[in-house]
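Residue numbers (UniProt numbering), protein chains in the order written: chain Z, 1 to 306; chain E, 1 to 306; chain U, 1 to 306; chain B, 1 to 306. We treat Cβ as the ideally placed atom computed from N, Cα and C, and that holds for glycine. Fair warning: this is a prediction, and the values are worked out from it, not measured in the lab. Remarks on the structure that follows.
There are 4 protein chains.
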Amino acid sequence: MQNLLTDIATAAASNPDKGSVATYIPELADIDPKQFGISVALANGDVFCAGDADTPFSIQSVSKVFALALALGHVGDQLWNRVGREPSGLSFDSILLLEREDGIPRNPFINAGALVTTDTYLSGSSPREALAALLRFMRAAADDDSIHINEDVAKSEIATGHRNFSLAHYLASHGNMRNPVDKVLGTYCHQCAVEMSCRQLALAGRFLVDSPAMPTLVSFERRRRINALMMTCGHYDGSGDFAFRVGMPGKSGVGGGILVISPGRAAIAVWSPGLNRYGNSKLGTEAMESFAHSTGWSVFGVPHPG
Amino acid sequence: MQNLLTDIATAAASNPDKGSVATYIPELADIDPKQFGISVALANGDVFCAGDADTPFSIQSVSKVFALALALGHVGDQLWNRVGREPSGLSFDSILLLEREDGIPRNPFINAGALVTTDTYLSGSSPREALAALLRFMRAAADDDSIHINEDVAKSEIATGHRNFSLAHYLASHGNMRNPVDKVLGTYCHQCAVEMSCRQLALAGRFLVDSPAMPTLVSFERRRRINALMMTCGHYDGSGDFAFRVGMPGKSGVGGGILVISPGRAAIAVWSPGLNRYGNSKLGTEAMESFAHSTGWSVFGVPHPG
Amino acid sequence: MQNLLTDIATAAASNPDKGSVATYIPELADIDPKQFGISVALANGDVFCAGDADTPFSIQSVSKVFALALALGHVGDQLWNRVGREPSGLSFDSILLLEREDGIPRNPFINAGALVTTDTYLSGSSPREALAALLRFMRAAADDDSIHINEDVAKSEIATGHRNFSLAHYLASHGNMRNPVDKVLGTYCHQCAVEMSCRQLALAGRFLVDSPAMPTLVSFERRRRINALMMTCGHYDGSGDFAFRVGMPGKSGVGGGILVISPGRAAIAVWSPGLNRYGNSKLGTEAMESFAHSTGWSVFGVPHPG
Amino acid sequence: MQNLLTDIATAAASNPDKGSVATYIPELADIDPKQFGISVALANGDVFCAGDADTPFSIQSVSKVFALALALGHVGDQLWNRVGREPSGLSFDSILLLEREDGIPRNPFINAGALVTTDTYLSGSSPREALAALLRFMRAAADDDSIHINEDVAKSEIATGHRNFSLAHYLASHGNMRNPVDKVLGTYCHQCAVEMSCRQLALAGRFLVDSPAMPTLVSFERRRRINALMMTCGHYDGSGDFAFRVGMPGKSGVGGGILVISPGRAAIAVWSPGLNRYGNSKLGTEAMESFAHSTGWSVFGVPHPG
C-alpha cells in the first residue's frame, strides 16, 4: 500500500496538466496547484500517506457528507421530504431543476440540497452551537481535536457567495427553509470552511467504512445509504464519470479534496487543488482511478477484500 | 436462498398496490399485473426461482445492457464520443438535455443513448444480421437457444413509437446517426421486443458477474464499467432511489423486468408488470429492496460474500 | 367615449368571474376583488373615467415602464448591454433563462430585468434620492404631486420577497449588479409600492403617447421603442395573448392595474385586482379587449385615428 | 418612395457584412449573398421596387403566414386548441418548450406550430390538393398565377429535414398530429419551397393590409390578429428586437425574405440571403429599420398615414 501511494504521488507530481484552481472563492484562488496528498485509513486502524498528506486544505463540499450524517441524526428519514436522492445532471450550483421541481433540491450533495441539510441540523440552536456539534462529529470520527474552521475562508465565502444566497432565497420562496436565510448561509459557509489534511480526512471518513477500530457513529443502514448517495451524486454532473472510472463512492470539494469509501476496507482522502471541468480535483480523480485499478477495490468488481 | 425467494414472491402476491402497467405500447397494455417472478443465478451455476419465474416477458430496456456490451465489442471506447456516462436526471424519453448538449445523449440507458448504441452495433450489417448477433450474445450468456424476439411487440412499437422516432431524427439532425433512421428504429424496436423469463434473464445476466461457471463474454474492466453505468443510470430518474434502497447495479425495462448484478456473486432477475412513477417495476423494486436487506449484498455495505 | 367606458364598467361589475387576487404579497391579499376602474387620457388633455377610477391601487410592475424610462435617461442604449429586449416565454419571476443566458435578463419587464433597471437608475445616489427622482418623473407626467409610495406595501414586499432576493443575488453572481443587493431590492420594492388611481396612471402614461397637451419627457424614438417592448414583453408569458386580443402596447402589474398606450391618441389605465393565470388583471384584460374592439384602436388595424 | 427604396438598395449593396447564408438546406447554400431586393405594394395598388426585386427566392417560413390564414379558414379559432399564441423565447426549431407544455407548440410561426398549421389545412385532402389550395390563395393575393413551388428545394428539405421530422413525431407522440407524419412533412416542405420575387411577395402580402385595391381574403378581425402574431412571434427569438428596431409586424424566412405589414398602408417585401444570428435576413432587417425610420410607419409612433 505504501509503495502504491508513493508511486501515485510521484506520478501526480510529474503530471504537467494539474487543472485549474477555483477562483470564485478569493481565499482559495492563491493556493499552489502543485500540491498533492493522499492518505488511506484502513478499517483496522492503519494509516498510509504520501505527498502533502499533512497539509490542511479547505474541505468545502466534502463537508456535505458529515452535514448529511448530522442532519439525518436530527430528523431521520423526514429529511427526504425536503430533499431528493437523485443525481441532478447539472452543475453544483444550478438553479434550473429547483424551478421545475418546486423548490425540492435533487440531492443533499448539490449546493441547494446542502443548504436544506444545514437548515436541518441548525434547527433549534444557534449557528455557533450547530457548528460546534458538526466539529465534534468530525473530531470524534478522526479522533483529532485539532480540526477547525478557517474564519477567513468562511467570511470570504459569505461576502462573495451570491449564488448560494440566490439558491437559499429560492428555497425560502418555496417554503423549504425553516431558519432565516442569513443564519443558514452563515452556518453553511462556515461548514464549507472546515480545514483538514488528507490524513485527518481519511481518518474522519472511516465512519462510513464499518471499521472495528473506531466507535460506530452512524448505523449500518444509514452508512450504506450515504455511500449510495456519494456514488450517484457525489461529483455533481461528473458523478457518472467517477463511478465509471473509479467505481467507489466519493465526495469532492472545490478545494480539491475528495473523500472515497471502500466499504469494509478503508477511507481514502486525496487532495490536489486544480479542478477538472466538473469542478472536481483533476489529479485527485486520476489518482483514484489509478488506485482503484491497482487495488481492484471497485465495488463493481469482484468483492474479495485484499 | 430458496426460502428467501419464496417469501419474497409470497409477499409480492399479497401486496394490493401493484403499480400501473405501461399502456403506451399496445401489445403490453393487456398483461396481467398480478404476475411476479424472481430468479437468482449464482456465480457457481446454481439457479433459484420463485413465482412466475418461467413466464416469458418483454425485456424492453433491459436489452440496453446487452446492446451496450455488443456495441462496445464493435467500437470499444470510441462509443463514448457519441454518448455520455452521466445520469440524465430526467425521464427515459426526454429530449430536453439533447438540445442543451448538441445531440450527445447523457448515457446509453436512456432511449436516446440506446438508439446510438443500436446505431453502433448495427453498423456495416443488415438489421437481420445485427439482431442475430444480439440474440447469439444473449443465448450464449444464458446458455439457452430458445430466447427470441416477439415480432408482434416489435411491430406494435414501430407503429406507435413516435417519441423514439423523434429522438432518432433529433440525433440525426446533429449528425449522431450513422445509419438511416428507419433502419435504426426497426432494429431498436426488435431489440426491445426480446422475450425472456426471469430464469433466462438471470442466467444471461451472469456475463456481468464474473462467474467461473460460464465463459467470459466481456473483459473484467468492461464488466466493471457496465455495472457502474447500471448503478448511476439504470433506472432513469429513479436511479438514485434504486441505489439508495437496493445498493446494487440494475437495469429496468418498461415491461416490468429488472436485471440486478451482485458482482462476483450472482445475477438476479425480477419481474412484475406494474410500474412506479419512474417507469420501473413497483413490486420488482420492492422485492429487490427486501432481497438486498436480507442478503446484505449491497455493494455499499461490507463486502464479505456469503 | 364616456358611454363606452360606462358600459365597460357596468359589464365588469356584472361579470361573476373576477379572477384571483394575488396572495403572495400579504398587504395586497385583502383587496376587495369587486373593484373596477378605467380612465382614458386623450392626447388633447381630455380625461374620461368610469367605475373606481379615483381609488388608489398598488401599481406594482406597471412601475417598470417609468423605471425603464428613467434608467434609459441615465445611461441610454448602454442599458441593453445588461438586459435583453426579447419576450421570455416564461413567468414573471422565472430564473430558468437567466441560467441559460449567463445572467442577462430577457427584457426589462420581467422581475430580473427590472432589477437591472433599478440598479441602473439607482447608480450614484441613495435609494431615497433615486426614489425621489422616480416620483418626480411620475408626478410630472401625471401633473399630480399627490402620487406617493405606500411604505407598508414596500416593507411587506421586502420581508416576503425571497424570489426577488434570489433573482438579485443570481444577477450579482454574474456581475450584473452594480449596487449592493440589499440596496437595489429596497429601492425596487419601494418602486413597486407606488400607488396611483386609474386617473393618475392614465395621465402619467401620456408620456408615451406623443401628447401636445403635455411637455415631452422622453424622445419620440425612445417612446416608440418603449411601446414596442410593452407590446412584446408587457404581460409576461401572456404578452402574445394580449397583443392578439387587444393589439395595443400595455404593461400589467400584479396589483391588477394595466397601462395601455394608443400611440398618438391616448393612454388608458384599467384596474381590477383579480388576476388571470398569467398574473395579469382578468377583468382589466377583458375590458381592454372590449375597448379595442369598440374603438378600433388596435395598432394592427387601419391607422385612421378617430 | 422610389428614391427611398433606391437609397436603401444602394446602401445594402455597399454594406460589406451581409450575414451568413443558411447552409442546412443544401439547395439554398449556394445562393449568392450579394443579392438584395425590396418592394412596397401600397394599399392603393401602386408598387415600388429596387434592387433584385424581380428575382424569385425561396420564401421558406414566410409561407407560414399564408398557411396560417388557410388553416384558420378551415377550422377558425379551434386552431388555438392545438397551438399557442405566445413568443417562444427560443430558436425556430427548438423542442424544449414542447416537452414542458405537453406537445402544444408556442405559436404558429415556429416550426412545431407551423407543422400543426399544415396538419390543419391538409385535413381531409391529399397533399396535392392542399398545396393547390395554398398556391391558389397566394396567387389570388398577388394576382399572379406564375407563383410556384420549387420541387428540388422541397425534395432537398425532405431528405435533410431531420429536425422537422423530430418535431412532427414529437407532436404525434402527444396526439397533436391528425394526419400521418410523412404526409404532413411532405406538404410542409413543399409549402416552404414556394418561390416568389419581392414584387410578388409584397403584392401577396396585401391581404393583411386592408387594401381597397384587392378583394378581401380574410376578415378584418383575423387580419388584425395575424398581424399581432407577426409582431410578437414573426422573427423567432429575434422578434422583440425586430419590434424594437422596426416597429411593424413581419415574418422572416431562412431564405432571406421578410414580409412586413404597415396596416392600412402597404405590404413590404425585402430579401437578402445572408442571415443574422437569429436566422433572419441581416441586410433585410437593417433595410427595414432604415425604411421605418424614414417613413415613420412604426405602429408604435404617431398613426398619421403619409
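Beta carbon proximity, residue i to chain B, threshold 7 Å
i                : result
Ala172 (chain E) : yes
Pro127 (chain U) : no
Ile302 (chain U) : In the sequence under discussion, the amino acid at residue 302 (chain U) is Val, which differs from the Ile named in the question. Yes, Val302 (chain U) counts as interfacial toward chain B.
Pro305 (chain E) : The predicted position of Pro305 (chain E) is uncertain, since its pLDDT is 40 and thus under 50; no value can be drawn from it.
Among the options, the one whose alpha carbon lies nearest that of residue i
i                : options                                : result
Ile268 (chain B) : B:Val40, B:Tyr24, B:Ile25              : B:Val40
Ser146 (chain E) : E:Ala213, E:Ala172, E:Thr55            : E:Thr55
Ala53 (chain Z)  : Z:Trp297, Z:Ser290, Z:Gly256           : Z:Gly256
Ile153 (chain U) : U:Asp17, U:Ile25, U:Ala12, U:His293    : For clarity, residue 153 (chain U) is Val in the given sequence; the question names Ile instead. That would be U:Ile25, whose Cα lies nearest to the Cα of Val153 (chain U).
Gly19 (chain B)  : B:Tyr236, B:Asp32, B:Asn164            : B:Asp32
Leu185 (chain U) : U:Tyr121, U:Val75, U:Ile38, U:Glu286   : U:Tyr121
Val65 (chain B)  : B:Arg224, B:Pro215, B:Gly161, B:Asn164 : B:Arg224
His148 (chain B) : B:Leu42, B:Gly240, B:Ser58, B:Thr160   : B:Ser58
Arg245 (chain E) : E:Glu286, E:Ser63, E:Asn280            : E:Glu286
Cys198 (chain E) : E:Gly284, E:Asp241, E:Gly238, E:Pro215 : E:Gly284
Contact with chain Z by residue i, beta-carbon distance below 7 Å
i                     : result
residue 308 (chain U) : The structure shown does not extend to residue 308 (chain U), since chain U is modelled only from 1 through 306, so no value can be given for it.
Glu101 (chain E)      : no
Ala266 (chain E)      : no
Ser88 (chain E)       : yes
Ala112 (chain E)      : no
Thr10 (chain E)       : no
Buried versus exposed call for residue i [16 or more other C-beta atoms within 10 Å across all chains shown]
i                : result
Lys34 (chain E)  : exposed
Phe220 (chain U) : exposed
Asp119 (chain E) : buried
Ser123 (chain E) : exposed
Gln78 (chain U)  : exposed
Ser173 (chain B) : buried
Ala266 (chain B) : buried
Ser126 (chain B) : exposed
Thr10 (chain Z)  : exposed
Asp46 (chain B)  : exposed
Ser294 (chain Z) : exposed
Thr187 (chain Z) : buried
Ser14 (chain Z)  : exposed
Lys282 (chain U) : buried
Rounded straight-line distance, which links the Cα of residue j to that of residue i
i                : j                : result
Phe300 (chain Z) : Asn107 (chain Z) : 23 Å
Ile8 (chain U)   : Gln191 (chain B) : 43 Å
Pro303 (chain U) : Asp210 (chain B) : Caution is warranted here: a pLDDT of 49 is assigned to Pro303 (chain U), below 50, making its placement in the model unreliable, and the coordinate value is therefore given only provisionally. Roughly 10 Å separates the two Cα atoms.
Ser272 (chain E) : Val260 (chain Z) : 36 Å
Arg128 (chain Z) : Asp144 (chain U) : 54 Å
Ile89 (chain U)  : Gly103 (chain U) : Reading off the sequence shown, one finds Gly at residue 89 (chain U), where the question assumed Ile. Going by the C-alpha atoms only, they are around 16 Å apart.
Leu61 (chain U)  : Lys251 (chain U) : Looking at the sequence itself, residue 61 (chain U) is Ser, so the reference to Leu does not match. Rounded to the nearest angstrom, the two C-alpha atoms are 8 Å apart.
Ala168 (chain Z) : Ile110 (chain Z) : 12 Å
Leu217 (chain E) : Gly234 (chain E) : 21 Å
Val116 (chain Z) : Val83 (chain Z)  : 7 Å
Interface flag, residue i vs chain U, CB-CB below 7 Å
i                : result
Val62 (chain B)  : no
Val299 (chain B) : yes
Arg222 (chain B) : no
Minimum Cβ-Cβ distance from residue i to chain E less than 7 Å
i                : result
Ala169 (chain B) : According to the sequence displayed, residue 169 (chain B) carries His and not Ala. So yes, His169 (chain B) belongs to the interface.
Residues, ordered as in the chain, of the segment 156-167 of chain B that lie near chain E by beta-carbon distance below 7 Å:
His162, Arg163, Phe165, Ser166
Taking a Cβ distance cut-off of 8 Å, strictly less, list which residues of the segment 200-220 of chain E are near chain Z, in chain order.
Those residues of the segment 200-220 of chain E placed with their C-beta closer than 8 Å to a C-beta in chain Z are Asp210, Phe220, ordered along the chain.
May I ask you to list, following chain order, the residues of the segment 32-66 of chain U that have a beta carbon less than 8 Å from some beta carbon of chain B?
none
Select from the segment 222-238 of chain U all residues with a C-beta closer than 9 Å to any C-beta belonging to chain B, and list them in chain order.
Listed by position, the residues of the segment 222-238 of chain U near chain B (Cβ gap below 9 Å) are Arg223, Arg224, Arg225, Ile226, Asn227, Ala228, Leu229, Met230, Met231, Thr232, Cys233, Asp237, Gly238.
To be precise: take each residue of the segment 126-154 of chain B, compare its Cβ to all Cβ atoms of chain U, and keep it if any distance is under 8 Å. Which residues remain?
none
Contact residues within the segment 241-263 of chain B, judged by C-beta distance below 7 Å to chain U
Asp241, Ala243, Phe244, Gly247, Pro249, Pro263
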